[in-house]
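Right, one structure below, let's go through it.
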Amino acid sequence: MIEYDSVTKIFGAGKTAVTATDSVTFTIEAGETAVFLGPSGCGKTTLLRMTNRLESVTRGSIRVQGRDIMEMNVQQLRLGMGYVIQQIGLFPNKTIAGNIAVVPRMLKWDKRRIDERIDELLRIVKLDPEIYRNRYPVELSGGQQQRVGVARALAADPDILLMDEPFGAIDPINRHQIQDEFLKLQAQLKKTIAFVSHDIHEAIKMADKIAIFKDGKLVQFDTPEIILMRPASKFVSDFVGADRALKVLGLLKVRDAMNREPRNVIQGEFTAEEALRFMEDNNFRHLIVLRENRVLGFVTRRQLKYEQGRVEELVEKFPEELTAREPLRDALSAMLMHDLMSFPVLDDSGGFSGTISYRYIQKSILELYSESQDD
Ligand SMILES: Nc1ncnc2c1ncn2[C@@H]1O[C@H](COP(=O)(O)OP(=O)(O)OP(=O)(O)O)[C@@H](O)[C@H]1O
Ligand SMILES: [Mg+2]
């Protein structure tokens, strides 16, 4: 856990003084990722550098795992935090392996353990150890160096990571990949992470909470969903963009919006005539047809008219399967592509667990939005 308590940083004095952070108070809970977001010069790097005492705090205090950082040994404090700096900052005279080994060596790990750890980390950041282990930083691209920076920060398995635009130098395609890999890793490791970014997409993807700064002040600290749907000010809503409802669709999952007790469902053994009457009585446009909780497909009134037989013989298959884990954006995309108003949602074992529809998607977005109007 990292607690910032009225943290103010003033560089210089008198007329030329710059307030880099201004009475900033918030807490990063253990195991969570907080993304520091805001325009250039708003104080993100300064706040990160104060956290491991690379910069002093002018007023206020910072506590790490419950202890005031000023009462801790600087060396101990820094060994407990992996730090990925904004300009990569590998040691040019050390090989890639040598760079990653810095902290483990300080901690006096034995050579074999260090070598194994180096290879493990290089694989995690998708650099082949055979190729890169013994190279020097100048022999790597900026994006590759940045991956080494991430590996180095993870080397001694610190509880806390400070990451300053760690993927900024990597091209968009590889950046998405490394973000995904990092999210998978974090799901296992559960580090406490302070992550600086100026990219709203990256922030939404990586953050448990987003801290938005303007001119050194914290203007909002909330989950990505709330930042998007209930921006605290015009500055925040401008920063997150006019398409914030669409961004929320990428963030919410089908399970957040699905109808778990849909009524337009029928078992396959009913007759076409019974199904048609059921639809007409309830004014349903289509029915989802099940057998033993498996989705066989759907039927419309047109398909049933003048038919005898059982509904399961008349079904049309759904063109795609959706699970509760999928982003709402993908569900909406499937509806638009296939011109269907709703889709069945399957659980992990492929069983029917509900439906997702335009109406339910809109309802979930409006709920997020309207709670702000009630406050
Ligand atoms: N060592 C320093 N001496 C004087 N002013 C500084 C120093 N370091 C940072 N500043 C100033 O403090 C403010 C915040 O800088 P900081 O580097 O924290 O911004 P940032 O949010 O990380 O920006 P960016 O997105 O460009 O990296 C800026 O106005 C900057 O000029
Ligand atoms: Mg910075």
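Quick note: the sequence shown, position 235, residue 235 per our numbering, numbers continuous. The beta-carbon is built from N, C-alpha and C at its ideal position, and this holds for glycine as well.
Which residue or residues does DSSP assign as beta-bridge partners of SER342? Under DSSP, SER342 shares a beta bridge with SER357.
Count the other CB atoms within 10 Å of the CB of LEU122; is the residue buried (16 or more) or exposed (fewer)? buried
Tell me the rounded alpha-carbon separation between ILE28 and ALA34. 6 Å
Neighbour flag for VAL18 against chain C, beta carbons, 8 Å: Of the chains in the structure shown, none is chain C; there is only one protein chain.
Assuming ALA275 and ILE266 form a contact by the criterion Cβ under 8 Å, report the distance between their Cβ atoms to the nearest whole angstrom. 5 Å
Count Cβ pairs between the segment 10 to 18 and the segment 126 to 146 that sit closer than 8 Å; are there 3 or more? no
Rounded C-alpha distance that separates MET258 from LEU336: 17 Å
Cβ neighbours of ARG244 in the same chain (closer than 8 Å, five flanking residues each side left out): LEU228, MET229, PRO231, SER237
Just list the residues that DSSP pairs SER61 with in beta bridges. ASP5.
Meets three-Cβ-pair contact criterion under 8 Å: the segment 133 to 142 and the segment 92 to 100: Using a C-beta cut-off of 8 Å, the segment 133 to 142 makes contact with the segment 92 to 100, since at least three inter-stretch Cβ pairs fall below that distance.
With DSSP run on the structure shown, which of helix, strand or coil describes THR51? helix
Can you tell me which of the three DSSP states ASN259 falls into? strand
Give the list of continuous alpha helix (DSSP H) stretches no shorter than 4 residues that lie fully inside the segment 285 to 344. 301 to 304, 328 to 338
Can you give me the C-alpha to C-alpha distance between LEU304 and VAL315, rounded to a whole angstrom? 9 Å
Tell me which same chain residues have a C-beta within less than 8 Å of the C-beta of ARG49, skipping the five on either side of it? Counting only Cβ-Cβ distances below 8 Å, and skipping sequence neighbours, we find GLU55.
Give a single yes or no on whether GLN362 has its beta carbon closer than 7 Å to a heavy atom of ligand 2. no
Do three or more CB pairs link the segment 108 to 118 to the segment 194 to 205 at distances below 8 Å? No, they do not touch.
beta-carbon LYS44 near ligand 2 non-hydrogen atom, thresh 7 Å: yes
So, do the segment 71 to 79 and the segment 144 to 154 have three or more beta carbon pairs nearer to each other than 8 Å? no
Can you grab the Cα-Cα spacing for the pair GLU139 / GLU165, in whole Å? 22 Å
Assuming ARG255 contacts ALA324 (C-beta within less than 8 Å), just tell me the rounded distance between them. ARG255 to ALA324, Cβ: 4 Å. Contact.
Does DSSP classify ALA155 as helix, strand or coil? coil
Quick check on ALA211: does DSSP put it in helix, strand or coil? strand
Would LYS190 pass as a contact of GLY297 if the rule is Cβ separation under 8 Å? With a cutoff of 8 Å on beta-carbon distance, LYS190 and GLY297 are scored as not near each other.
If we ignore side chains and look at the alpha-carbon of each, how far apart do ASP22 and THR355 end up? 48 Å
Enumerate, from N- to C-terminal direction, the unbroken alpha helix (DSSP H) stretches of 4 or more residues contained entirely within the segment 63 to 134. 74 to 79, 96 to 100, 102 to 106, 111 to 124, 129 to 132, all fully within the segment 63 to 134.
By Cβ distance, which residues of its chain are closer than 6 Å to GLY208, with the 5 residues on each side in sequence left out? The identity of residue 208 in the sequence shown is Asp, whereas the question assumes Gly. Same-chain partners within the cutoff: GLU32, THR33.
Classify LYS247: buried if its beta carbon has 16 or more other beta carbons within 10 angstroms, exposed otherwise. With a threshold of 16 other beta carbon atoms within 10 Å, LYS247 meets it and is buried.
ASP34 - containing beta strand (DSSP E), residue span: With the sequence shown as reference, residue 34 is identified as Ala, and Asp is not the correct amino acid for it. It spans 33 to 37 - the beta strand (DSSP E) in which ALA34 sits, taken as one unbroken run.
CB of GLN146 within 8 Å of CB of PHE167, strictly: yes
Run through DSSP, which three-state label would ALA169 get? coil
Once DSSP output is grouped into helix, strand and coil, what is the label at SER141? coil
Using only alpha-carbon positions, find the residue among LEU185, GLU202, THR58 that is nearest to ILE170. GLU202
So is the beta-carbon of HIS198 under 7 Å away from any non-hydrogen atom of ligand 1? With a cutoff of 7 Å, HIS198 counts as near ligand 1, since its C-beta is closer than that to a heavy atom of the ligand.
Exposure label - GLY41; buried when at least 16 CB within 10 Å: exposed
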